[in-house]
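As structure tokens, this is what we get:
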């Protein structure tokens, strides 16, 4: 029994040491997981950040929409028109973007997953419909830091799609 325990401890210790060699160099890691970096091919040059070095997550700073979630969803659902060509679209579309300190939005990123959570590419016309609906939202209220100053924040909207119908929007 003592031999088994000693062997087990030695094995765990050896694994821990070798695992240290597998970690990436910290200098090669992003500052934050999910940071959106400007892409000159897709992002507007006229969208300005107030502080490019400090873009915060929305949930801690109360970035919101005029009329709250109810108004936001009402606007979005009003722009999501079902088309028969979308009947095979089932899964989710997440649109991630930045709300700047002026309540303007930009730097949109889109993630698409099928019903089994695998990356997928839905028909471009469907994705464009979702993205255009999000881009049309004009009632954003920027987040505020504890000192009261407004700031740039990341935001995301998650669309659940079943047979081409947007069934839910998570905020």
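Numbering (mature numbering (1 follows the signal peptide of the UniProt record, and there is no 0)), first residue to last: -19 to -1, 1 to 152. All residues carry an ideal CB built from backbone N, CA and C; glycine is no exception.
If we call anything under 8 Å between Cβ atoms a contact, is residue i one with residue j?
{"i": "residue 140", "j": "residue 85", "result": "no"}
{"i": "residue 17", "j": "residue 79", "result": "yes"}
{"i": "residue 75", "j": "residue 137", "result": "yes"}
{"i": "residue 126", "j": "residue 30", "result": "no"}
{"i": "residue 152", "j": "residue 50", "result": "yes"}
{"i": "residue 150", "j": "residue 57", "result": "yes"}
{"i": "residue 82", "j": "residue 131", "result": "yes"}
{"i": "residue 87", "j": "residue 24", "result": "yes"}
If you reduce the DSSP assignment to three classes, tell me which class residue i lands in.
{"i": "residue 139", "result": "strand"}
{"i": "residue 119", "result": "coil"}
{"i": "residue 125", "result": "strand"}
{"i": "residue 26", "result": "coil"}
{"i": "residue 66", "result": "helix"}
{"i": "residue 148", "result": "strand"}
Considering residue i, what are the terminal residues of the beta strand (DSSP E) in which it resides?
{"i": "residue 78", "result": "72 to 80"}
{"i": "residue 47", "result": "No beta strand (DSSP E) contains residue 47, which DSSP labels as neither H nor E."}
{"i": "residue 37", "result": "36 to 38"}
For residue i, which option in the options has the closest C-alpha, if you only look at C-alpha atoms?
{"i": "residue 102", "options": "72, 143, 82, 31", "result": "72"}
{"i": "residue 104", "options": "152, 65, 40", "result": "65"}
{"i": "residue 109", "options": "93, 119, 122, 123", "result": "93"}
{"i": "residue 22", "options": "147, 67, 119, 89", "result": "89"}
{"i": "residue 48", "options": "128, 121, 130, 148", "result": "121"}
{"i": "residue 32", "options": "144, 135, 145", "result": "135"}
{"i": "residue 123", "options": "117, 25, 146, 46", "result": "46"}
{"i": "residue 147", "options": "119, 61, 87", "result": "61"}
{"i": "residue 144", "options": "19, 96, 35, 87", "result": "96"}
{"i": "residue 107", "options": "63, 19, 117", "result": "63"}
Within 8 Å (strictly less), CB to CB, does residue i reach chain B?
{"i": "residue 21", "result": "Chain labels in this structure do not include chain B; a single protein chain is all it has."}
Query - Every unbroken beta strand (DSSP E) within the region 81 to 119, with a cutoff of 3 residues, ordered by chain - result: With a minimum length of 3 residues, the continuous beta strand (DSSP E) runs that stay inside the region 81 to 119 are 86 to 95.
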